[in-house]
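All residue numbers for the sequence shown refer to this note's numbering, where the first residue is 22 and numbers rise by one.
Structure, as structure tokens:
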Amino acid sequence: MSAVPSITLNDGNTIPQLGFGVFQIEPEDTAEAVSEAIEVGYRHVDTAEMYGNEREVGQGIRASGIDRDDVFVTSKLDNGLHEPDDARGAFEGTLSDLGFDYVDLFLIHWPLPTLYDGDFVSTWKALEEFHNDGRARSIGVSNFQIEHLERLAAETETVPAVNQIEVHPYLTNDAVREYGQEHGIATEAWSPIAQGAVLEDAVITEIAENIGKTPAQVVLRWHIQRGDIVFPKSVTPSRMRENFQLFDFELEPGDMDEISALDQGAGGRTGPHPETFARVPA
Ligand SMILES: NC(=O)c1ccc[n+]([C@@H]2O[C@H](COP(=O)([O-])OP(=O)(O)OC[C@H]3O[C@@H](n4cnc5c(N)ncnc54)[C@H](OP(=O)(O)O)[C@@H]3O)[C@@H](O)[C@H]2O)c1
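Okay, structure coming up:
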């Protein structure tokens, strides 16, 4: 099995193209899952303040015995904390919960254009501070639409290193991805297997059978060949291993096209729409 490729971000830092997501892993299960993932070979973990398991992500990394510098750790600012002072406090909380003095990547989790008078620009400027003082080696956004990215470009100094958006065969999200490609913003594809919803699709199961791989491997490989960064979540060790075995085969262009043709546009979205999502923790 060949090594996980790295993607070079617009700030010169590199990120492993395949990582491990921890959304919806209970805090009490997270340290073990993260240690297991590191044992399998993952060197990139994607968490968030909203997931409530940053502390346990840090514990799992320490328990694995790996050097902090050898694992790429991402976290994200929670929705209730967009005011710059709140963001500063929240970022300190993230570092303290993880038990690290820096994160590799820190993101604004949602743009929340209907909250805070639509002002995610001052939130972004707070993230620029964390980047400038070295505590966030890279900074980026999540769930930003093209108009949100255009506002950051017009009103701030730093182009986000990544935009983490929902992408899978039922929502290829190509317009936002293409904006990213044109402006040096790497796309991270969240819910890469649509939380399992794409795995029984006849197009995918047929390709999987033909090439002797599993449906999850086919879909994750499709993302890799499109150039996106992925971090499938699983608490099941056999699936963690399965999802890591993506680099000893390649999909034919025809198979890539057939999977891309499964796109359902907006109807394929499984998560909330970034234009309207406004949930703030109680
Ligand atoms: N920025 C955002 O707004 C946002 C939103 C959603 C997700 N994310 C990030 O993206 C990561 C991945 O997305 P996700 O967790 O929503 O969904 P996902 O990775 O697409 O799917 C996870 C689900 O698929 C199952 N699964 C995993 N591998 C499998 C396999 N090989 N075969 C069959 N089933 C498999 C898992 O079950 P088991 O765990 O039971 O094995 C789990 O139920 C998250 O963990 C998080 O880091 C970000």
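The C-beta atom is built at its ideal place from N, Cα and C for all residues, glycine as well.
So which of the options has the shortest CA-CA distance to residue i?
i: VAL124; options: ASP138, GLY217, LYS146 and GLY155; result: GLY155
i: ASP67; options: GLY114, PRO253 and ALA24; result: PRO253
i: ARG247; options: ILE87, GLY233 and GLU199; result: GLU199
i: ASN264; options: GLU279, MET277 and ILE245; result: ILE245
i: GLY114; options: GLN216, ILE46, GLY79 and ASN194; result: GLY79
i: LEU39; options: ARG290, GLU273, THR297 and ARG262; result: ARG262
i: GLY292; options: THR208, VAL55, PHE41 and TRP131; result: TRP131
i: LEU98; options: GLY42, GLU227, LEU126 and PHE121; result: LEU126
i: PRO37; options: LEU192, VAL251 and VAL197; result: VAL251
i: ASP138; options: HIS103, LEU148 and GLU149; result: HIS103
i: PHE121; options: ALA207, ARG89, GLU53 and HIS169; result: ARG89
i: ILE186; options: ALA84, ALA210, PHE93 and ALA54; result: ALA210
i: LEU128; options: PRO190, GLU70 and GLY42; result: GLU70
i: LEU220; options: THR208, TYR191, GLY201 and ALA207; result: TYR191
Mind checking residue i: buried by the 16 CB within 10 Å criterion, or exposed?
i: GLU203; result: exposed
i: ALA287; result: exposed
i: SER259; result: exposed
i: THR95; result: buried
i: ARG158; result: buried
i: SER233; result: Ser is not the amino acid found at residue 233; the sequence shown has Gly there. It counts as exposed.
i: THR135; result: exposed
i: ASN194; result: buried
i: ALA299; result: exposed
i: GLU176; result: exposed
i: ASN164; result: buried
i: PRO302; result: exposed
i: GLY217; result: exposed
i: GLU75; result: buried
Measure the C-alpha to C-alpha separation of residue i and residue j and round it to an integer number of angstroms.
i: ASP50; j: ILE160; result: 28 Å
i: VAL183; j: ASP140; result: 19 Å
i: ASP269; j: ALA24; result: 10 Å
i: ASP118; j: TYR63; result: 21 Å
i: GLY205; j: VAL162; result: 13 Å
i: ASP12; j: ILE82; result: Absent from the structure is residue 12, since the part of the chain shown begins at 22 and ends at 303.
i: ASN100; j: ILE167; result: 20 Å
i: ILE28; j: ASP249; result: 9 Å
i: THR179; j: LEU133; result: 20 Å
i: PRO48; j: GLY73; result: 7 Å
i: GLY110; j: ALA215; result: 33 Å
i: GLN266; j: ARG242; result: 9 Å
i: ASP276; j: PRO26; result: 22 Å
i: PHE151; j: ALA223; result: 46 Å
i: LEU283; j: SER255; result: 24 Å
i: ILE225; j: ILE280; result: 7 Å
i: THR235; j: ALA229; result: 5 Å
i: ALA58; j: GLU271; result: 23 Å
i: ASN231; j: SER212; result: 25 Å
i: HIS294; j: PRO181; result: 20 Å
i: VAL61; j: GLN238; result: 16 Å
i: GLU149; j: LEU30; result: 16 Å
i: ALA52; j: LEU116; result: 16 Å
Mind checking if residue i is an interface residue toward chain C, Cβ cutoff 8 Å exclusive?
i: MET277; result: Protein chain content of the structure displayed is limited to a single chain, and chain C is not contained in it.
Q) Residue ranges of each beta strand (DSSP E) run of no fewer than 3 residues wholly in the stretch 103–172, ordered along the chain? A) You should have 124–129 and 157–163.
Q: Entirely within the stretch 228–297 and at least 4 residues each: give me those alpha helix (DSSP H) ranges in chain order.
A: Listed in chain order, the complete alpha helix (DSSP H) runs (minimum 4 residues) inside the stretch 228–297 are 236–247, 258–265 and 274–281.
Q: Please list the segments of the beta strand (DSSP E) lying wholly inside the stretch 181–205, counting only runs of 3 or more residues, in order along the chain.
A: Those beta strand (DSSP E) runs which fall completely within the stretch 181–205 and span 3+ residues are 183–187.
Q.
To test your reading of the DSSP string, which unbroken alpha helix (DSSP H) runs of 4 or more residues are found completely within the stretch 33–91?
A. Counting whole runs of 4 or more residues, the stretch 33–91 contains the alpha helix (DSSP H) stretches 48–61 and 75–85.
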